[in-house]
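Here's the structure, in structure tokens; my notes come after.
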Amino acid sequence: MGSNMYIDLYHVSLYVCVCAVGLTGTKYGCGGGGCGACTVMVSRYDPVEESIHHCAVTACLQPICSLYGAAVVTVEGIGSTRTKLHPVQERIAMAHGSQCGFCTPGMVMSMYTLLRNKPKPSMEDIREALAGNLCRCTGYRPIIDGFKTFSQRYVRCHMLPFTADLRNVLSLQYCNHLHTGGWTLKLKHLSF
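The numbers in the UniProt record's numbering rise by one with no breaks, and the one at position 97 of the sequence shown is 97.
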């Protein structure tokens with residue numbers, strides 16, 4: 001079964017994940033909660049609302065003693081190349097949203113937490129969820145491109161039937177681009 005570990009209650013959860021448990025997906029970046037590389041999801045049951053609340057937290061600041069009664073999910077807990085990647089991991093990879101890869105686990109966990117709380121987020125929800133994550137390589141565009149596929153507007157846009165009347169397509173204020181079989185119509189004047 002399991003083995004007992006004795007850990008100082010004031011160690012931060014990042015130390016426990018990496019050093020004691022050996023989960024190296026959660027990264028140590030700034031050590032001050034500013035970069036988001038160490039983001040994990042903490043889930044707690046609220047007996048009053050009879051629901052589970054999910055929060056993205058920076059593990060470098062979260063003392064392990066504050067996690068009593070909570071479930072902690074790291075990037076290893078949502079998927080891997082050995083098992084199966086989670087859709088969040090797949091989409092950031094497909095959009096080339098990972099260059100050096102250091103920020104990627106934190107970005108993935110922030111987005112995963114958002115989706116646990118709100119399965120069809122708005123673009124503003126996505127931007128807000130990623131506000132605590134820094135990336136110095138990508139400029140964020142490929143990260144947002146990968147994650148916007150979860151948004152309400154993107155889903156609505158891609159569920160539209162194809163029409164030959166371009167005036168109808170161009171009047172769709174919520175579409176960034178529309179895939180129509182083998183080609184893509186890009187609407188350059190719209191942006192997310």
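Note that beta-carbon positions come from the ideal geometry of N, C-alpha and C, so glycine has one too.
Tell me the DSSP secondary structure of residue i in three-state form.
i, result
"I78", "coil"
"C55", "strand"
"V169", "Low local confidence applies: a pLDDT of 40 at V169 is under 50, so the model's placement there is unreliable, and no value is given."
"F162", "Because F162 sits at a pLDDT of 45, beneath the cut-off of 50, its placement in the model cannot be relied upon, and the following sentence gives the value as read from the coordinates. Coil at F162, not helix or strand."
"P142", "helix"
"R12", "Reading off the sequence shown, one finds Val at residue 12, where the question assumed Arg. Note: V12 maps to strand in three-state DSSP."
"P121", "coil"
"Y68", "coil"
With distances taken from CA atoms, which of the options is nearest residue i?
i, options, result
"T74", "V88, C135 and V42", "V42"
"T149", "N117, M94 and H53", "M94"
"A59", "K84, R44 and G32", "G32"
"T39", "M109, K84 and L130", "M109"
"H54", "T24, V48 and A71", "A71"
"Y68", "N117, Y45 and P119", "Y45"
"D125", "R153, C103 and P105", "R153"
"M123", "G146, N133 and I52", "G146"
"L115", "A129, T104, C103 and G106", "A129"
"C100", "P119, R127 and G139", "G139"
"C35", "S151, L134 and I144", "L134"
"P119", "V21, A20, S151 and I144", "S151"
"K27", "R127, T104 and S98", "T104"
What are the start and end residues of the alpha helix (DSSP H) that includes residue i?
i, result
"S110", "T104 to N117"
"C44", "Inspection of the sequence shows that residue 44 is occupied by Arg rather than by Cys. Element bounds for R44: not the alpha helix (DSSP H) but the beta strand (DSSP E), T39 to D46."
"I92", "P87 to M94"
Thinking residue i and residue j are a contact (beta carbons under 8 Å), I'd like their distance in whole angstroms, please.
i, j, result
"Q62", "V12", "6 Å"
"H96", "P142", "5 Å"
"A37", "T113", "About 15 Å; that fails the 8 Å criterion."
"I64", "V16", "5 Å"
In terms of residues, what are the limits of the beta strand (DSSP E) holding residue i?
i, result
"V73", "A71 to V73"
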